[in-house]
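Visitor: In UniProt numbering, the protein residues as written are 1 to 456. Dropping the structure in here first, questions after.
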């Protein structure tokens, strides 16, 4: 939250954020805001725990901090969790305290996986427990979730994520465990989930949904054997391309759903517990004079529109004149239908243009595919010829290899024959040398000794 108004011990505390600081103004004591906490890099939330005010936020030091505000407006900080990795940070804080148990919800971001967000849940009583409630695959939608506590301290949660299309899920925290999620709705776009629980423990959910046109949707879960119960069908409360910040105000047995539409407040009211709603009607007050804040009073909290004096929209006064304003009421409904038809006509026109564009692209793609198919046939024919030529060359290569092998064999035979001839030549040379040597010796003998019987 960016703004929280808290009634505590007869004082009205106004908390707000500005330039990495949490500011505090106490009505009636000092008109000036004081800088309560510095070095914050996220939104914050404030809760009441019996006799103390608690504030939670994410600091520049990578800490999830729980701060205690004393009576003298001094802060005592407690670090709940520290991130060593600077790629992590946290925001979208929500603090709920019931019966001494603190429930802290926030979104964990990791810069290395920016499209994957983790919805975390810290539980602090005598122990400290951390729950990963859900993975949210959509960094464009804000707020991501809405959570509320019933009169027994059971947490009820709705959140939006992307799974092919966008879906809004409901789950509840029972016996220290989050139950299996239930699909509330599915559409091209889902925004502004909001949940509230009445005194009978009926669950009321509203959100903005878009398929062809944006619609404000409502759905109710009745008790009927807690916690199972049963879900009613979806109800459309309004349709417009400019629906912002829908919220509930449950006054006695009357359910108000209020939102901003085209710079005007609108409300739809149910007097039968959410089974049916009247058609939307304008409120006299202007959104420029109000802010969407969290209001905490007597340990009861709600999200609503407050003016600069901390006063809510005057629902009780408006309630008294609803049944007497039928003409204006019907005129608004006609205008609303005309707006819906006009928007729908524009959507259809855009869809038709998109259809023509897609058909042109389809024809172009079909032509390209036909060319590619023709090229494929040509490639197949060329490939066939290539394989035929390859077979011919393969046969020739096989023949040449056979001839080559035969030549190698003949060559080996010739080498052997040459070697044999060389050996014979060596033997003949040896014999010849021997005879030459013997002849030379005989000649020498004849010279020295003469021929036999020469002197006889």
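Glycine included, C-beta positions come from ideal geometry on N, C-alpha and C.
1) Exposed or buried, what is residue 323 when buried is set at 16 or more other beta-carbons lying within 10 Å of its beta-carbon?
2) For my contact list, residue 277 and residue 218 are in at a C-beta cut-off of 8 Å; report their separation, rounded to the angstrom.
3) Please say whether residue 65 and residue 86 have beta carbons closer to each other than 8 Å?
4) Looking only at its chain, what residues have a beta carbon closer than 6 Å to the beta carbon of residue 63, apart from the 5 residues adjacent to it on each side?
5) List the whole-angstrom C-beta distance separating residue 23 from residue 33, where the pair is believed to meet the contact cut-off of C-beta under 8 Å.
6) Would you say residue 179 and residue 171 are within 8 Å of each other, going by their C-beta atoms?
7) Taking buried to mean at least 16 other C-beta atoms within 10 Å of its own C-beta, is residue 113 buried or exposed?
8) Are residue 197 and residue 150 close, meaning C-beta to C-beta below 8 Å?
9) Taking the C-alpha atoms as reference points, what is the distance between residue 181 and residue 169?
10) Which runs of the beta strand (DSSP E) spanning at least 3 residues fall entirely within the stretch 202-284, listed in chain order?
11) Taking 8 Å as the cut-off, decide whether the C-beta atoms of residue 166 and residue 158 are in contact.
12) CB-CB under 6 Å to residue 206, same chain, minus the five flanking residues each way: which ones, in chain order?
13) Which one or two residues does DSSP pair with residue 94 in a beta bridge?
14) Which value, in whole angstroms, describes the spacing of the CA atoms of residue 69 and residue 132?
15) For residue 27, report the span of its beta strand (DSSP E) as first-last.
16) Residue 42 to residue 353, Cα distance in whole Å?
17) Determine, using beta carbons only, whether residue 249 and residue 222 come nearer to each other than 8 Å.
18) For the candidate residues 117, 264, 241, 92, whose alpha-carbon lies nearest to that of residue 106?
19) By the 10 Å Cβ neighbour count, where 16 or more other Cβ atoms means buried, how is residue 212 classified, buried or exposed?
20) Flag this pair as yes or no: are the beta carbons of residue 266 and residue 244 separated by less than 8 Å?
21) Within the continuous beta strand (DSSP E) that includes residue 458, where are the two ends?
22) Measuring alpha carbon to alpha carbon, tell me which residue in 98, 51, 309, 199 is nearest residue 255.
23) Would you tell me roughly how many angstroms separate the C-alpha atoms of residue 313 and residue 290, rounded to the nearest one?
24) Taking the alpha-carbon positions, what's the residue 94 to residue 300 distance?
25) Could you tell me how far apart the beta carbons of residue 9 and residue 27 are, in whole angstroms, since I believe they sit closer than 8 Å?
26) Under 8 Å by Cβ, that's how I've got residue 137 and residue 115 pegged, so tell me the actual separation to the nearest angstrom.
27) Could you tell me which uninterrupted beta strand (DSSP E) segments, each at least 3 residues in length, are contained entirely in the stretch 35-69, listed from first to last along the chain?
28) Under 8 Å between the Cβ atoms of residue 280 and residue 344?
29) Take the Cβ of residue 235 as the centre, count every other Cβ of all protein chains shown within 10 Å, and call the residue buried at 16 or more, exposed below.
30) Ends of the beta strand (DSSP E) at residue 113?
31) In terms of residue numbering, what span does the beta strand (DSSP E) encompassing residue 169 cover?
32) Are the Cβ atoms of residue 294 and residue 12 separated by less than 8 Å?
33) Consider the C-beta atom of residue 201 and the heavy atoms of the ligand ZN; say whether any pair is separated by less than 7 Å.
34) Taking the C-alpha atoms as reference points, what is the distance between residue 376 and residue 406?
35) With distances taken between CB atoms, is the gap from residue 89 to residue 58 smaller than 8 Å?
36) Any beta-carbon of chain B closer than 8 Å to the one on residue 214?
Guide: This is what the structure gives:
1) Confidence at residue 323 is low in this model, with a pLDDT of 44, below 50, so the placement of that residue should be treated as unreliable; the coordinate-derived value is given next. Burial call: exposed.
2) 7 Å
3) no
4) 79, 82
5) 4 Å
6) yes
7) exposed
8) yes
9) 6 Å
10) 203-210, 214-222, 235-239, 243-251, 254-261, 265-270
11) no
12) 194, 218, 246, 257
13) 105
14) 29 Å
15) Segment: none, residue 27 is in no beta strand (DSSP E) and carries neither H nor E.
16) 43 Å
17) no
18) 92
19) exposed
20) no
21) This structure does not reach residue 458, given that the chain is present from 1 up to 456, and the question cannot be answered.
22) 199
23) 8 Å
24) 14 Å
25) With a Cβ gap of about 13 Å, residue 9 and residue 27 do not count as contacting.
26) 6 Å
27) 40-49, 52-59, 63-69
28) no
29) buried
30) Where residue 113 is concerned, there is no enclosing beta strand (DSSP E), given that its DSSP letter is neither H nor E.
31) 165-174
32) no
33) Absent from the structure shown: the ligand ZN. Ligands present: none.
34) 44 Å
35) yes
36) The structure shown contains no chain B, having only a single protein chain.
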